[in-house]
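> In order, the protein sequences belong to chains A and B. So that you can map any letter, position 268 of the first sequence is 268 in the UniProt record's numbering, and since no number is skipped, the others follow by simple counting. So that you can map any letter, position 49 of the second sequence is 49 in the UniProt record's numbering, and since no number is skipped, the others follow by simple counting. The beta carbon of each residue, even a glycine, is placed where N, CA and C say it ideally should be. Sharing a structure below in structure tokens format, with a few things to ask.
2 protein chains.
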Amino acid sequence: MGQKVLIIGAVALGPKVACRLRRLDPSAHVTLIDRDNLISYGGCGIPYYVGGDVADLEGLYSTSSHAIRDDRFFETVKGVNVLSQTEVTDIDRKGKTVSVRNRATGEEKTLEYDKLVLATGANPVVPPIPGADLPGVSVVANLHNAKEIKEKISKGQVESAVVIGGGAIGVEMAEALADLWGVETTLVEMMEHLLPTAIGPDMGLIVKNHMEEHDVRILLGESVTQIVGTPETGVEGVKTNKRDIPCQLVVLAVGVRPNAVLAAKAGLAIGPHGGILVDNTLRTSDPNIFAGGDCIELTHFISGQKVPMAFGSLANREGRVIGTNIAGGNAQFKGSVGAFCLKAFEMGVASAGLTVAQAKDAGFDPVHAVVVQADRAHFYPTNQLMYMKLIADKTTRKVLGVEAVGHNGDAVKARVDAVSAVLPFGPDVSDITALEVTYAPPFASAMDIVNNAGNALDNILKGKNKPIDVADFLKLFDEAKAHVLDVRGKPESQPFVERFGDRWVNIPQDQLAARISEINGNGNGSGQLCLICDTGPRSYEAQCLLASHGITDTVNIQGGYGMLKKSAPDFNNPA
Amino acid sequence: MGQKVLIIGAVALGPKVACRLRRLDPSAHVTLIDRDNLISYGGCGIPYYVGGDVADLEGLYSTSSHAIRDDRFFETVKGVNVLSQTEVTDIDRKGKTVSVRNRATGEEKTLEYDKLVLATGANPVVPPIPGADLPGVSVVANLHNAKEIKEKISKGQVESAVVIGGGAIGVEMAEALADLWGVETTLVEMMEHLLPTAIGPDMGLIVKNHMEEHDVRILLGESVTQIVGTPETGVEGVKTNKRDIPCQLVVLAVGVRPNAVLAAKAGLAIGPHGGILVDNTLRTSDPNIFAGGDCIELTHFISGQKVPMAFGSLANREGRVIGTNIAGGNAQFKGSVGAFCLKAFEMGVASAGLTVAQAKDAGFDPVHAVVVQADRAHFYPTNQLMYMKLIADKTTRKVLGVEAVGHNGDAVKARVDAVSAVLPFGPDVSDITALEVTYAPPFASAMDIVNNAGNALDNILKGKNKPIDVADFLKLFDEAKAHVLDVRGKPESQPFVERFGDRWVNIPQDQLAARISEINGNGNGSGQLCLICDTGPRSYEAQCLLASHGITDTVNIQGGYGMLKKSAPDFNNPA
Chain A
1 MGQKVLIIGA VALGPKVACR LRRLDPSAHV TLIDRDNLIS YGGCGIPYYV GGDVADLEGL
61 YSTSSHAIRD DRFFETVKGV NVLSQTEVTD IDRKGKTVSV RNRATGEEKT LEYDKLVLAT
121 GANPVVPPIP GADLPGVSVV ANLHNAKEIK EKISKGQVES AVVIGGGAIG VEMAEALADL
181 WGVETTLVEM MEHLLPTAIG PDMGLIVKNH MEEHDVRILL GESVTQIVGT PETGVEGVKT
241 NKRDIPCQLV VLAVGVRPNA VLAAKAGLAI GPHGGILVDN TLRTSDPNIF AGGDCIELTH
301 FISGQKVPMA FGSLANREGR VIGTNIAGGN AQFKGSVGAF CLKAFEMGVA SAGLTVAQAK
361 DAGFDPVHAV VVQADRAHFY PTNQLMYMKL IADKTTRKVL GVEAVGHNGD AVKARVDAVS
421 AVLPFGPDVS DITALEVTYA PPFASAMDIV NNAGNALDNI LKGKNKPIDV ADFLKLFDEA
481 KAHVLDVRGK PESQPFVERF GDRWVNIPQD QLAARISEIN GNGNGSGQLC LICDTGPRSY
541 EAQCLLASHG ITDTVNIQGG YGMLKKSAPD FNNPA
Chain B
1 MGQKVLIIGA VALGPKVACR LRRLDPSAHV TLIDRDNLIS YGGCGIPYYV GGDVADLEGL
61 YSTSSHAIRD DRFFETVKGV NVLSQTEVTD IDRKGKTVSV RNRATGEEKT LEYDKLVLAT
121 GANPVVPPIP GADLPGVSVV ANLHNAKEIK EKISKGQVES AVVIGGGAIG VEMAEALADL
181 WGVETTLVEM MEHLLPTAIG PDMGLIVKNH MEEHDVRILL GESVTQIVGT PETGVEGVKT
241 NKRDIPCQLV VLAVGVRPNA VLAAKAGLAI GPHGGILVDN TLRTSDPNIF AGGDCIELTH
301 FISGQKVPMA FGSLANREGR VIGTNIAGGN AQFKGSVGAF CLKAFEMGVA SAGLTVAQAK
361 DAGFDPVHAV VVQADRAHFY PTNQLMYMKL IADKTTRKVL GVEAVGHNGD AVKARVDAVS
421 AVLPFGPDVS DITALEVTYA PPFASAMDIV NNAGNALDNI LKGKNKPIDV ADFLKLFDEA
481 KAHVLDVRGK PESQPFVERF GDRWVNIPQD QLAARISEIN GNGNGSGQLC LICDTGPRSY
541 EAQCLLASHG ITDTVNIQGG YGMLKKSAPD FNNPA
């Protein structure tokens, strides 16, 4: 008889380990253990089930050839035993056994292992607010939650819903509720912007504005203090520090924490964020015990820090590594750059590496460029603007992170993936200016936005391009500490000239060289001279021209009018 | 007065050098010289102008903010002088002058330079066949050709057209003619498959079948021997080595050659393929003369060989490097992996690195995997199959190339770009299994196709997965040297079982372990046992299972039925 392998947890990583291992070592005796009766499901698909893109719950635990991934499937097709509805109560590392209890029958037994795999995932954080346990308050942790939420809505019991948390799951759930079901949806996030762990405030603002266009109310910098209702009526509303919101459904999406209870109890090493610590072969501090997926901490390739990374994609890749290694191989999983993407209505959002805030926290001196450019040749009819940010360390020029949003999600993914893929190789900004990506007019510009993001950041780092972010510009302008030189054509700039008078001057780029003498620099009481064009390149060119005439104290609004319009629709269209 | 810089050639690279240089060195006196009156156009956009996606020719030489990029534009906006319709007749390197002649007025003069840039591009190859100079025969080299072709069609003078050459321009032009205009279009290619320098025969076959579905007739392995017609009537038809094809338009798209005439005449070093040789700073053998774009040879990062690479994207990036270096910087352009993409009707095609044939030519021992998988989560409604090939060297496991086709071009681009971006870093197959790309169900599978391509190739290299390509299988099967074990469900396999009798046996995967004894191995006269499933993973799993029962001499049809269906529609639907 071959080696006995027990795997605790049968979603994502667990099944991947089991199947990989069985293929490499057909003699292995592999058992998947899970608390739930539903296993091996695509948890990331829950918002699409709730929102109706996936019609049946089975869709989330079927294979691409429509086989249901249940106990029988794993037993007959994969040769893997499954103990579902079974809780592991204890691990005896010395005796190499685990104690289990069947949740349906109460039966307890002890199972031996040669190798043990912890795939215990993460638990949703339930915030310590009164009412969090009321009927109608749900986390998004498993298919039972998903079913409950969808049933409640489809029975017509939900007119209004509140999603607490503006991370990926919060955003996806808000879309699901508002889009298909027309539920009046409010998303409440404590931080000042959406998706704060994945993107910066500027990109977050674009996502927020887009979601608001789709009738999701977004409340930022606001905390829920109480969920109101009774055990009989269920949820009736939510109180924040600023207001009351009536609702019949509350979705808690404030994040997840690694589930390392069993590991900790067994005395395995635990990391600074409560996840299980593993080496590059994904072994825990006990060489006979592997761990992977949402319950571990990984090395972040950019910060060098150990952090939990709850991504189904990492779990699957880690699962293959663990399966290989249990079968006697020597596969490595060295870390992650936190590659992230998400759909928010018609918008794609993607990022990798660190945000500016995270980079500062990690001790870097981040400098960033924001570039706005068409996602295909500007003459190709389906082109749409994409909004991209590239971040590097000022001293070393090493790339720290990338973020992008745009209306063609696959195109957004393409740019971020290209950068994400090279990040583990430690690229500097010059590597991004030279990043070789494919080009044809239906899919890209000859100078792709990703290269231009590198170019812009290179120019900024070299002091040629002196940028100002839209948010900083808006603040200065609002405080009357800035004036604008708009180098676009007269038709585009006219509404702003009319509205702001001599605070918004228009000299089209082709007249600029001849009209340099008209330029009001700074220091005459009108404040910082800010240059603007459509998306940034012409105002940068104007900045170079002005500098060559001795007017050096200008700043170039990053992403130009394109970024301004997406960031501040009110500025663009005063009510 | 600043340095005098002359740039010969004002499309793509030339203008990029000029503008970058002027921004970095406002004192530079920069002059663009071009034979043509139309400059700085997007030549790659010509098929989209001909096909109507781009309505007006101006669209191809306008900026994204709709300014026409003509002589005046460069002079007033960019501060760059333009001598259009001007031919450079000679370079005097010792005297640092060039002789020019105005093609309109005949005026000749001599211009001095401190730095000279050769951006002379490539010339379309005109094959030495009788009739190639007839009216109605056109290359696709500039906007005048484009206009001529479009006018001829829009005047109703073209019922049938022949495109000679199945490279990128040939495919794009064939689409343009057939799609918008309903012109009866035949594409003739000497090689045995489409896009032979960019992708392998298997991917080429998918593109061919797709184009045929869109009513383009594709003739492979066929050479045009004569273009028929008279100077008065123009083209009347094309003779190949196999047939006569009546037509009123012939598009020559058999490739381009670096235009290095001036460089060679001036005694600059020329490479093995006739392109100008440059170092990593893009200086020619004369340090005062730079060159870039289609007229040079670049180091191919994978083969290490010097090759011309006619891509607008490379030209633009090289242009920035030359501009930087003339301004006193030290930017580098080290080479290329030949990243390529193309739209063919509703299909996207992309590749990077070497094809299998190119890899063999370059001295490698290439091994490849073909993977077919949905481009997003298989439960997400808009998912479509993507077809991907990953190639590595057998000994070193270094990745040599990647190819993909699929119906969502941006998604295809995303996968190839991620691999393309890391290729210069010298990844091995394990780096592709671990390649970190973004994941969310609307945009990817948890185990992305790019990772699965790495996984499959890893399994092949380790001898676990013994593959056979669809083309090889079809040949064997056709010669009655193969039989099939189909592990799909009964409904899917039934038509083939009925058609092929005991040469096509169905045992669904979930019954396979119990029915091992029914398996006919090889050596009993029925030939090679080939395993098939939908797309490959289940037949691989079956292969592992059979091997564990001593049946080791099986092969797994790469890409499964998905690949078979796309490769051989006739096999799937016998007429």
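Would you list the one or two residues that DSSP bridges to residue 366 (chain B)?
The sequence position of residue 366 (chain B) within the second sequence is 366, counting from 1. According to DSSP, which records beta bridges pairwise, residue 366 (chain B) is partnered with B:393.
> Within the 8 Å Cβ cut-off, does residue 83 (chain A) reach chain B?
Counted from its first residue, the first sequence places residue 83 (chain A) at position 83. Cβ-Cβ to chain B under 8 Å: no for residue 83 (chain A).
> Does DSSP put residue 480 (chain B) in a helix, a strand or coil?
As a working mapping, residue 480 (chain B) is identified with position 480 in the second sequence. Residue 480 (chain B): coil per DSSP, three-state reduction.
> Shorter than 8 Å from the beta carbon of residue 313 (chain A) to some beta carbon of chain B?
Translated into the one-based positions of the first sequence, residue 313 (chain A) becomes position 313. Yes - at least one Cβ of chain B is within 8 Å of the one on residue 313 (chain A).
> Are the C-beta atoms of residue 295 (chain B) and some chain A residue less than 8 Å apart?
As a first step, residue 295 (chain B) must be located in the second sequence, where it is residue number 295. Not one chain A Cβ lies under 8 Å of residue 295 (chain B).
> Which value, in whole angstroms, describes the spacing of the CA atoms of residue 528 (chain A) and residue 553 (chain A)?
In the first sequence, counting from the first residue as 1, residue 528 (chain A) sits at position 528. In the first sequence, counting from the first residue as 1, residue 553 (chain A) sits at position 553. If you take the alpha carbons of residue 528 (chain A) and residue 553 (chain A), they lie about 8 Å apart.
> Quick one, are the C-beta atoms of residue 71 (chain A) and residue 82 (chain A) less than 8 Å apart?
Against the first sequence, residue 71 (chain A) aligns to sequence position 71. Against the first sequence, residue 82 (chain A) aligns to sequence position 82. Result yes, Cβ atoms of residue 71 (chain A) and residue 82 (chain A) sit closer than 8 Å.
> Are three or more beta carbon pairs between the region 353–367 of chain A and the region 60–67 of chain A nearer than 8 Å?
Because the criterion of three Cβ pairs below 8 Å is not met, the region 353–367 of chain A and the region 60–67 of chain A do not touch.
> Just the C-alpha distance for residue 4 (chain B) and residue 507 (chain A), rounded to the nearest angstrom, thanks.
Here residue 4 (chain B) corresponds to residue number 4 of the second sequence, with the count starting at 1. Here residue 507 (chain A) corresponds to residue number 507 of the first sequence, with the count starting at 1. Distance between the alpha carbons of residue 4 (chain B) and residue 507 (chain A) is about 29 Å.
> Since residue 79 (chain B) meets chain A, which of its residues come closer than 7 Å, beta carbon to beta carbon?
For the purposes of this step, residue 79 (chain B) is taken as residue 79 along the second sequence, with counting starting at 1. The answer, in chain order, is 513.
> Between which two residues does the beta strand (DSSP E) harbouring residue 403 (chain A) extend?
Counting from one through the first sequence, the residue named residue 403 (chain A) turns up at place 403. From DSSP, the beta strand (DSSP E) with residue 403 (chain A) extends over 399–406.
> From B:439, B:409, B:556 and B:501, pick the residue whose C-alpha is nearest to that of residue 457 (chain B); which is it?
Your numbering for residue 457 (chain B) matches position 457 in the second sequence. The shortest C-alpha separation from residue 457 (chain B) is found at B:556.
> Which first and last residues belong to the beta strand (DSSP E) in which residue 4 (chain A) is found?
Indexing the first sequence from 1 puts residue 4 (chain A) at position 4. Element bounds for residue 4 (chain A): 4–8.
> Please determine if the region 161–175 of chain A and the region 42–50 of chain A are in contact, where contact requires at least 3 C-beta pairs separated by less than 8 Å.
Short answer: they touch.
> Closer than 6 Å by C-beta to residue 459 (chain B): which residues in its own chain qualify, once you throw out the five before and the five after it? Chain order, please.
In the second sequence, residue 459 (chain B) corresponds to position 459, counting from 1. Counting only Cβ-Cβ distances below 6 Å, and skipping sequence neighbours, we find 465.
> Give me the Cα-Cα distance between residue 7 (chain B) and residue 157 (chain B), rounded to the nearest whole angstrom.
What you label residue 7 (chain B) is simply residue 7 of the second sequence in a count that begins at 1. What you label residue 157 (chain B) is simply residue 157 of the second sequence in a count that begins at 1. Between residue 7 (chain B) and residue 157 (chain B), the C-alpha separation is close to 40 Å.
> Using C-beta distances below 6 Å, list every residue in its chain close to residue 420 (chain B), excluding the 5 sequence neighbours before and after it, in chain order.
The residue labelled residue 420 (chain B) in the question sits at position 420 within the second sequence. Closer than 6 Å at the Cβ level, and outside the excluded window around residue 420 (chain B), lie 337, 339 and 352.
> Based on Cα-Cα distance, which residue from B:302, B:188 and B:287 lies nearest to residue 401 (chain B)?
As a working mapping, residue 401 (chain B) is identified with position 401 in the second sequence. Checking every option, the nearest Cα to that of residue 401 (chain B) belongs to B:302.
> Can you pull the chain B neighbours of residue 572 (chain A), defined as C-beta to C-beta under 7 Å?
By 1-based counting over the first sequence, the position of residue 572 (chain A) is 572. The contacting residues do not exist; residue 572 (chain A) stays about 17 Å from chain B at best.
> Could you confirm whether any beta carbon from chain A is found closer than 8 Å to the beta carbon of residue 151 (chain B)?
Numbered from 1 along the second sequence, position 151 holds the residue referred to as residue 151 (chain B). Closer than 8 Å: no.
> By alpha-carbon positions, which one of B:436, B:313 and B:375 ends up nearest to residue 377 (chain A)?
Start at 1 with the first residue of the first sequence, and residue 377 (chain A) comes out as number 377. The candidate whose alpha carbon is nearest that of residue 377 (chain A) is B:313.
> Would you call the region 226–242 of chain B and the region 126–144 of chain B touching, i.e. three or more CB-CB distances under 8 Å?
Verdict: yes, contact present.
> Are the Cβ atoms of residue 126 (chain A) and residue 262 (chain A) separated by less than 8 Å?
Locating residue 126 (chain A) in the first sequence gives position 126, where the first residue counts as 1. Locating residue 262 (chain A) in the first sequence gives position 262, where the first residue counts as 1. No, these two residues do not count as a Cβ contact at 8 Å.
> When you compare each of B:101, B:559, B:354 and B:424 to residue 537 (chain B) by their alpha carbons, which one comes out closest?
The residue you call residue 537 (chain B) lines up with position 537 of the second sequence. It is B:559 whose Cα lies nearest to the Cα of residue 537 (chain B).
> With a threshold of 8 Å, are at least 3 pairs of Cβ atoms found where one atom belongs to the region 11–23 of chain B and the other to the region 309–328 of chain B?
In short, these stretches touch, since the Cβ pair count reaches three.
> With DSSP as the reference, identify every bridge partner of residue 348 (chain A), one or two as the case may be.
For the purposes of this step, residue 348 (chain A) is taken as the residue at position 348 of the first sequence. Per DSSP, A:343 and A:406.
> So which residues of chain D does residue 548 (chain A) contact, with C-beta pairs closer than 7 Å?
Included in the structure are the protein chains A and B, with no chain D among them.
> Could you list which residues in chain B have their beta carbon closer than 8 Å to that of residue 448 (chain A), in chain order?
Here residue 448 (chain A) is taken as the residue at index 448 of the first sequence, counted from 1. 313, listed in chain order.
> Looking at residue 161 (chain A): is its Cβ nearer than 8 Å to the Cβ of residue 214 (chain A)?
Taking the first sequence and counting its residues from 1, the one referred to as residue 161 (chain A) is at position 161. Taking the first sequence and counting its residues from 1, the one referred to as residue 214 (chain A) is at position 214. Not a contact, by the Cβ cut-off of 8 Å.
> Output the residue ranges of the alpha helix (DSSP H) runs that lie fully inside the region 42–70 of chain B and measure 4 residues or longer, sorted by chain position.
Complete alpha helix (DSSP H) runs here, min 4: 46–50.
> Under a Cβ-count criterion, where at least 16 other Cβ atoms within 10 Å of its own Cβ denotes burial, should residue 16 (chain A) be classed as buried or exposed?
In the first sequence, residue 16 (chain A) corresponds to position 16, counting from 1. With 16 or more other Cβ atoms within 10 Å, it is buried.
> Quick check on residue 204 (chain B): does DSSP put it in helix, strand or coil?
By 1-based counting over the second sequence, the position of residue 204 (chain B) is 204. Residue state, collapsed to three classes: helix.
> Under a Cβ-count criterion, where at least 16 other Cβ atoms within 10 Å of its own Cβ denotes burial, should residue 491 (chain A) be classed as buried or exposed?
Residue mapping note: residue 491 (chain A) aligns to position 491 of the first sequence, counting from 1. Flag for residue 491 (chain A) reads exposed.
> Residue 189 (chain A) and residue 143 (chain A) look like a contact to me (Cβ under 8 Å); what is the Cβ gap, rounded to whole Å?
By 1-based counting over the first sequence, the position of residue 189 (chain A) is 189. By 1-based counting over the first sequence, the position of residue 143 (chain A) is 143. With 8 Å as the limit, residue 189 (chain A) and residue 143 (chain A) do not qualify as a contact, their Cβ atoms being about 26 Å apart.
> May I have a chain-ordered list of the alpha helix (DSSP H) segments no shorter than 4 residues that lie completely inside the region 146–191 of chain A?
Those alpha helix (DSSP H) runs which fall completely within the region 146–191 of chain A and span 4+ residues are 168–179.
> Restricting to Cα atoms, I'd like to know which of B:147, B:532 and B:311 is closest to residue 467 (chain B).
What you label residue 467 (chain B) is simply residue 467 of the second sequence in a count that begins at 1. Ranking the options by Cα distance to residue 467 (chain B), first place goes to B:532.
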